[in-house]
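Chains as they are written, first to last, in the numbering used here: chain A, 1 to 186; chain B, 1 to 186.
Glycine residues also receive a C-beta, built at the ideal position from the N, C-alpha and C atoms.
To keep things clear, I will list the structure first and then write my remarks on it.
2 protein chains.
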Amino acid sequence: MSAKSPLMVKLVSTLGTSPGGVFETFMNLRQGKYEAENPVPVDIKEVYVIRTSDPAVERAFRLLKAIFACCGGREVEVAGIPLAMNDINTRSDYLQFRREVLSRISPGDYVDFTGGRKAMSVAAVLAARQREAHVVTSIIPQADYNEIQSKMKDFKDEDILEGENGRCKVDFCVLTSRNVKTILLE
Amino acid sequence: MSAKSPLMVKLVSTLGTSPGGVFETFMNLRQGKYEAENPVPVDIKEVYVIRTSDPAVERAFRLLKAIFACCGGREVEVAGIPLAMNDINTRSDYLQFRREVLSRISPGDYVDFTGGRKAMSVAAVLAARQREAHVVTSIIPQADYNEIQSKMKDFKDEDILEGENGRCKVDFCVLTSRNVKTILLE
């Protein structure tokens, strides 16, 4: 579909208050462990995380960076793309969100709409199709999700800061789940 | 965009466990009370409700029919389109859901993704764009949503059955909110 080198493929993910999904999607794509007609390992070197400026989402992003640094994605560049909004509350928010995602996607990239609000997912997916990018999502059992949401509260700011910088003093990998299923939809 | 008579315009909504959103979207479109470049009243005569076979979703659909019958949409045909799945758990579920929505949409229709799971919303929206249908959503304040979810539990099966048939013995309109904002996205 794309003339680009597979080395250049990005994962572009929306993020809500739960960091795990993005990392699981990344790992499953990289290992070729996803549902598709012909699943092959996807060599992702960069992850773009599109998110609002809500404080809980900001915290989830910092935890996500610590998870990548400490649980098997240290060599991957995780770039945050914070938007100047707390949620999609208006048509103008939606259009801004959609435009921002569109400007970050190249053909053949993987757009993951698992995190964030529904209107964000819709904006991201429509941008993905406009650019001929793939669309993926990950499904996590509700019990695992609830457990992880509860564990998130236990992390101290200073430990997260250390983790983001690759100093893994506490175990961030408890925020991931082995029961996540990733599906290539488009 | 469409050569069809405006009288033929449908609202095609995904439904989860909360019935209110579909009715609010319908009312706001009909009254021209929505965010758009040029909001005009939309004359909707038919509402298609695409839903899974989950029992809680089935109950929400019956409550929705009672709301239409008892709160200002009696002349509208509300048609349920139940799919033989409890959720979108696989790629095949997704493709079936997307195909089903696609087969129900005509150009110029309004597809409302407010209800249901995120993957359903994505399937519905991609089908909508494939058919050149509009995409709308409604935003409800979290407090109103929680209150309505709680009130839903109080309704007895026999009252719902009566309500569906236009015999409004109990007040179904408490399941609607005046604080819902509808946005035309595409």
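Asked: Using a Cβ-Cβ cut-off of less than 7 Å, list which residues of the stretch 77-91 of chain A approach chain B; keep chain order.; Found: N89, T90, R91
Asked: Given a threshold of 16 other Cβ atoms within 10 Å of its Cβ, counted over all protein chains shown, does N28 of chain A qualify as buried or as exposed?; Found: buried
Asked: Taking the CB atoms as reference points, tell me whether T17 of chain A and A60 of chain A lie closer together than 9 Å.; Found: yes
Asked: What separation, rounded to the nearest whole angstrom, lies between the Cα atoms of S121 of chain B and D154 of chain A?; Found: 33 Å
Asked: Start and end of the beta strand (DSSP E) containing K181 of chain B?; Found: 181-184
Asked: For I139 of chain B, return the contacting residues in chain A, with the cut-off set at a CB-CB distance below 7 Å.; Found: N89
Asked: Per DSSP, what kind of secondary structure is D112 of chain A in: helix, strand or coil?; Found: strand
Asked: Tell whether a beta-carbon distance below 9 Å holds between T14 of chain B and V49 of chain B.; Found: yes
Asked: Determine, using beta-carbon pairs with one atom in the stretch 101-111 of chain B and one in the stretch 128-141 of chain B, whether at least three such pairs fall under 8 Å.; Found: yes
Asked: Answer yes if the stretch 140-154 of chain B comes into contact with the stretch 90-98 of chain A, meaning at least three C-beta pairs across the two stretches below 8 Å, and no otherwise.; Found: no
Asked: Counting only beta-carbon separations shorter than 9 Å, does S103 of chain B have a partner in chain A?; Found: no
Asked: Evaluate P19 of chain A with the Cβ neighbour count: other Cβ atoms within 10 Å of its Cβ, from every protein chain shown; 16 or more gives buried, anything less gives exposed.; Found: buried
Asked: Report the option in A:P141, A:L11, A:E186, A:F23 whose CA atom is closest to the CA atom of E46 of chain A.; Found: A:L11
Asked: Apart from the five residues just before and just after Y34 of chain A, which ones in its own chain have a Cβ nearer than 6 Å to its Cβ?; Found: N28, T182, L184
Asked: Give the single residue among B:S138, B:P82, B:Q31, B:I139 whose Cα lies nearest to the Cα of G72 of chain B.; Found: B:Q31
Asked: Straight-line CA distance for T114 of chain B to L83 of chain B?; Found: 18 Å
Asked: Taking D43 of chain A as the reference, give the member of A:V180, A:V76, A:D87, A:K169 with the closest Cα.; Found: A:V76
Asked: Using a Cβ cut-off of 9 Å (strictly closer), state whether T25 of chain B contacts chain A.; Found: no
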